[in-house]
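Beneath this line is the structure, given in structure tokens, with notes to follow.
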Amino acid sequence: MTANQLFRPFCLKSLKLKNRIVMAPMTRSFSPGGIPAANVADYYDRRASGKVGLIISEGTVVNRPASSNDPDIPHFYGDKPLLGWKAVIDKVHSDDGVMAPQLWHMGVVAPKSTGWLPPAPFEGPSGYVAPGKVGGIAMTEHDIADTIGAFAQAASEAKKLGFDAVEIHGAHGYLIDQFFWHPTNQRTDRYGGNTLAERARFAVEIIQAVRRATGPEFPICLRISQWKLQDYAAKLATTPAEMETWLVPLAQAGVDIFHCSQRRFWEPEFTGSDLNFAGWAKKLTSKAAITVGSVGLSGDFLAAFKGEASTPSSLDELLRRFDRGDFDLVAVGRALLSDAGWASKIHEGRSSELRGFSKEALATLS
Numbered sequence: 262m263t264a265n266q267l268f269r270p271f272c273l274k275s276l277k278l279k280n281r282i283v284m285a286p287m288t289r290s291f292s293p294g295g296i297p298a299a300n301v302a303d304y305y306d307r308r309a310s311g312k313v314g315l316i317i318s319e320g321t322v323v324n325r326p327a328s329s330n331d332p333d334i335p336h337f338y339g340d341k342p343l344l345g346w347k348a349v350i351d352k353v354h355s356d357d358g359v360m361a362p363q364l365w366h367m368g369v370v371a372p373k374s375t376g377w378l379p380p381a382p383f384e385g386p387s388g389y390v391a392p393g394k395v396g397g398i399a400m401t402e403h404d405i406a407d408t409i410g411a412f413a414q415a416a417s418e419a420k421k422l423g424f425d426a427v428e429i430h431g432a433h434g435y436l437i438d439q440f441f442w443h444p445t446n447q448r449t450d451r452y453g454g455n456t457l458a459e460r461a462r463f464a465v466e467i468i469q470a471v472r473r474a475t476g477p478e479f480p481i482c483l484r485i486s487q488w489k490l491q492d493y494a495a496k497l498a499t500t501p502a503e504m505e506t507w508l509v510p511l512a513q514a515g516v517d518i519f520h521c522s523q524r525r526f527w528e529p530e531f532t533g534s535d536l537n538f539a540g541w542a543k544k545l546t547s548k549a550a551i552t553v554g555s556v557g558l559s560g561d562f563l564a565a566f567k568g569e570a571s572t573p574s575s576l577d578e579l580l581r582r583f584d585r586g587d588f589d590l591v592a593v594g595r596a597l598l599s600d601a602g603w604a605s606k607i608h609e610g611r612s613s614e615l616r617g618f619s620k621e622a623l624a625t626l627s
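Residue numbers (our numbering): 262 to 627.
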């Protein structure tokens, strides 16, 4: 199979992409004091020059005292960080690139091994960092309202700076996902509940606030996952019907694109169908969907962190599913982290020049 179908344009509201390749958000921790500098701008610009259709930034934290556990994670608030991001988007646009920041609040997480701590306790729906394990404090309704406002303000700043869209990080066991997940959300107020639909209220209100702050034509993407860093086998939705009660209200609130994170894109989400997570999200909501998970590489990212190298792999199964209409866009993580020219090489049939991935690539901003 050829990859030509991945290089068709994609348009949604004001978003106009030259192809269907997305750079997945990947934490880099190269912004001391939360301020992205010229090396960060150059890093993203190399992917724009490499013909990536949509670049989604690393996670950038919103304006809450304990939104991050790492002093080198970039902020998306404050004069100096925003000036840094302005330089990033201007450079990406100079090479005809399209980019969205990913807006993030980590929630209740473990402190860094260096011992660095934010100026306030980690916060989440109920204070749990993992099932049965307290690692922070439970947010008050005032904290929740302020956090919703922080996401909206960051999205508004993204639009003012000239970014082309925005992504909200609602996956992998971080703050928004901690509200989705019953073991970490034991609240008895309107932000808790026994059903996934009830526990989605916080995310719904964030999306509504972001939509109000950015207007009807600014594209909003939401990254979601079933798995958590706390539990790789976790399932928020165990049936298509339960997934529908989760995702449809988010779509109605203003999500334009669901970015559906799986460790391996080819794995079916439910028995009785070979549709993956993105396939079900698109089917249930009629919204655009991004698939992601070990695209173009032989091993998944967890194996890489354990020291196992990954080599380039066939895209045939991905192309089969894309051609069937299961999803609209394809996010590539580690392959693009290692090789800024990955998209161009795929388009031009230069498969012999593709690079693999090893964890050493995480130590540089190349």
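For every residue, glycine included, the Cβ atom is placed at its ideal position computed from N, Cα and C.
Provide the residue(s) that pair with VAL591 in DSSP beta bridges, ordered along the chain. Along the sequence shown, read from residue 1 onward, the residue named residue 591 stands at position 330. Under DSSP, VAL591 takes part in a beta bridge, and its partners are ILE282, THR552.
Using a Cβ cut-off of 8 Å (strictly closer), state whether PHE337 contacts chain D. The question asks about chain D, but that chain is absent: this structure has only one protein chain.
Indicate the three-state DSSP secondary structure (helix, strand or coil) for PRO332 in the structure shown. Here residue 332 corresponds to residue number 71 of the sequence shown, with the count starting at 1. DSSP places PRO332 in coil when its eight states are reduced to three.
What residue range is occupied by the uninterrupted beta strand (DSSP E) comprising GLU418? Within the sequence shown, numbered from 1, the residue matching residue 418 stands at position 157. Segment 402-422 is the alpha helix (DSSP H) holding GLU418; no beta strand (DSSP E) there.
Take VAL283 as the anchor and find which of SER559, ALA327, SER574, CYS521 has the nearest alpha-carbon. Position 22 of the sequence shown, counted from the first residue, corresponds to residue 283. The shortest C-alpha separation from VAL283 is found at CYS521.
Per DSSP, what kind of secondary structure is LYS620 in: helix, strand or coil? By one-based count along the sequence shown, residue 620 stands at place 359. Of the three classes helix, strand and coil, the one that applies to LYS620 here is helix, per DSSP.
Tell me the rounded alpha-carbon separation between GLY314 and VAL395. Numbered from 1 along the sequence shown, position 53 holds the residue referred to as residue 314. Numbered from 1 along the sequence shown, position 134 holds the residue referred to as residue 395. Near 41 Å, if we compare the C-alpha coordinates of VAL395 and GLY314.
Can you name the start and end residues of the beta strand (DSSP E) that GLN363 belongs to? Position 102 of the sequence shown, counted from the start, is the residue given in the question as residue 363. Looking at the DSSP string, the run of the beta strand (DSSP E) that includes GLN363 is 360-365.
Just to confirm my understanding: we take TYR435, look at its own chain, exclude 5 residues before and 5 after, and list those with CB closer than 6 Å. What are they? Numbered from 1 along the sequence shown, position 174 holds the residue referred to as residue 435. Cβ within range, chain order: MET367, GLY368.
Give me, in chain order, the residues of the same chain whose beta-carbon lies closer than 6 Å to that of ARG472; leave out the 5 immediate sequence neighbours on both sides. Here residue 472 refers to the residue found at position 211 of the sequence shown. Answer for ARG472: GLY515, listed in chain order.
Let me check understanding here. Comparing Cα to Cα, which of ASP331, GLY339, ILE405 lies closest to GLY376? As a first step, residue 376 is located in the sequence shown; it is residue number 115 there, counting from the start. The option with the nearest alpha carbon to GLY376 is ASP331.
Backbone CA spacing between THR456 and LEU623 [nearest angstrom]: The sequence position of residue 456 within the sequence shown is 195, counting from 1. The sequence position of residue 623 within the sequence shown is 362, counting from 1. Cα-Cα distance, rounded: 38 Å.
Could you tell me the alpha carbon to alpha carbon distance between HIS430 and THR506, rounded to whole angstroms? As a first step, residue 430 must be located in the sequence shown, where it is residue number 169. As a first step, residue 506 must be located in the sequence shown, where it is residue number 245. Each residue's Cα considered, the two are about 19 Å apart.
Return the first residue and the last residue of the alpha helix (DSSP H) that ILE607 is part of. Translated into the one-based positions of the sequence shown, residue 607 becomes position 346. First-last of the alpha helix (DSSP H) with ILE607: 603-608.
With respect to the alpha helix (DSSP H) encompassing THR506, which residues constitute its N-terminal and C-terminal limits? Mapped onto the sequence shown, residue 506 falls at position 245. For THR506, the enclosing alpha helix (DSSP H) has its first and last residue at 501-514.
Residues of its chain near THR321, where Cβ-Cβ distance is below 7 Å and the 5 sequence neighbours each way are ignored: Counted from its first residue, the sequence shown places residue 321 at position 60. Cβ neighbours of THR321 beyond the five flanking positions: PRO335, HIS336, PHE337, PRO362, GLN363, LEU364, TRP365.
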